[in-house]
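Numbering-wise, the sequence shown is residues -20 to -1, 1 to 299 according to mature numbering (1 follows the signal peptide of the UniProt record, and there is no 0). Ideal Cβ positions, reconstructed from N, Cα and C, are used throughout, including at glycine. Just so we're clear, the structure is a prediction, and the values are computed from it rather than from any experiment.
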Amino acid sequence: MSPLSASVLLLGTAASTALAHSHLAHILVNGVLYNGFDPRPNVGNYDNRIGWSSSNTDDGYVGPADYASPEIICHKSGAPPLAHAPVKAGEKVHVQWNGWPIGHVGPVLAYIAPCLNTANGCGSVAKTNLRWTKLDDSNPVLLPGAPGTWGSPAGKWATDVMIAQNNSWQVEIPHGLKPGPYVLRHEIIALHFARDKGGAQNYPVCMNLWVEPPASSATAPQPFKLDNFDARGFYKDTDKGILIDVSTSLSGYVVPGPTMAPQAKPVPHVQQQMMLSRADGTPVVVVRSTATQKWTPTARAVKAKRTGEPVMKGRYYRD
Ligand SMILES: *[C@@H]1O[C@H](CO)[C@@H](O)[C@H](O)[C@H]1NC(C)=O
Ligand SMILES: [Cu+2]
């Protein structure tokens, strides 16, 4: 197949805009909503967001050229907000993206890192100090299927599962995780141009969590063992799951990045589900490494958010 016909098959015809990537819209914890971050210019963001800010005003990605740079950690110029979403160990965090284009197939990954010895929990953490543990690799990332039925001729991808659940993915916070401040890093790697070296597109989004002890249980949970991976060493531009032609039929997919923690319990594809928000959450600000207080608005007014623009629907885009 010529490169041109392969691209047409993969990307479809809509191609309405080059700016149709995505970002973290919000997270839900038991239906309670915390705001993510919208990097696009002139949209405004809530003061009490828990999503890290970033400078990708095109809503775009980090490419393999930046795999060893700080940009890969929490997106371009990623910087933490003061607010954290409270979540109990053992609860599921429902991560919702602002839509996802069908052709942007690939893995959906989750990592967590504690914020140690900082004044404001993760609110003032130096991102290069963060050391990560992989919680979810969305395996099996590729389920061979009828060509063209799903996002690519190769079959149904984890991204197709995410799109079908209203562009959301659940991440279980381990039961035995020690309470305290953590950064959750959710990442989709879009592979539509990954047949060429340097063509993969990583979309890392970071958010602050304040992990509380689990709901009471008869037996104390097994302590969760954290790993020590530096995000600047996660990927190489020649990894099997990074340099890959998804316009061909494939027999499987090798997830890039570090090994998932043995104690991690990813939510299986069939248990992924969408969730509606029933309330706005009150984030917390970490005042000591062991204590939080409720976030209260600063003198700045809480910025109006959104312009009424609907969530992007899954569809074919060229970008
Ligand atoms: C999908 O998510 C959006 C944004 O949160 C929400 O407005 C919409 O109602 C959800 N749709 C369904 C079917 O749950
Ligand atoms: Cu895109």
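Rounded to the nearest angstrom, the gap between the Cα atoms of GLN253 and VAL75 is 11 Å. Measuring C-alpha to C-alpha distances from THR270 to each of GLY79, ALA99 and GLY31 identifies ALA99 as the nearest. For the pair ALA211 and TYR91, the CB atoms are nearer than the 9 Å cut-off. Look at ALA99 here: in three-state DSSP terms it is coil, with no helix or strand label.
Under the DSSP assignment, GLU71 falls outside any beta strand (DSSP E); it carries neither an H nor an E label. The C-alpha of PRO60 is placed about 7 Å away from the C-alpha of SER104.
Less than 9 Å divides the Cβ of PRO120 from the Cβ of ALA138. In this structure, the CA atom of MET187 is about 8 Å from the CA atom of HIS64. If you look at MET187, you'll find it isn't in any alpha helix (DSSP H); it sits in the beta strand (DSSP E) that goes 181 to 192.
With fewer than 16 other Cβ atoms inside 10 Å of its own Cβ, SER35 counts as exposed. In this structure, the straight-line span from the alpha carbon of TRP275 to that of ASP176 is close to 46 Å. With a threshold of 16 other beta carbon atoms within 10 Å, ASP260 falls short and is exposed. Secondary-structure assignment with DSSP links MET240 through a beta bridge to LYS114. If you compare the alpha carbons of SER229, SER57 and GLY221 with that of PRO87, the shortest gap goes to GLY221.
For the set ALA134, VAL12, VAL163 and HIS55, the Cα lying nearest the Cα of SER227 is the one of ALA134. Within 10 angstroms of the beta-carbon of ARG258 lie fewer than 16 other beta-carbons, which makes it exposed.
Among the bridge pairs identified by DSSP, PHE209 is matched with TRP112.
Between the alpha carbons of ILE30 and ASP217 lies a distance of about 30 Å. Sixteen is the threshold: when 16 or more other Cβ atoms of the shown chains lie within 10 Å of the Cβ of ASN15, as they do, the residue is buried.
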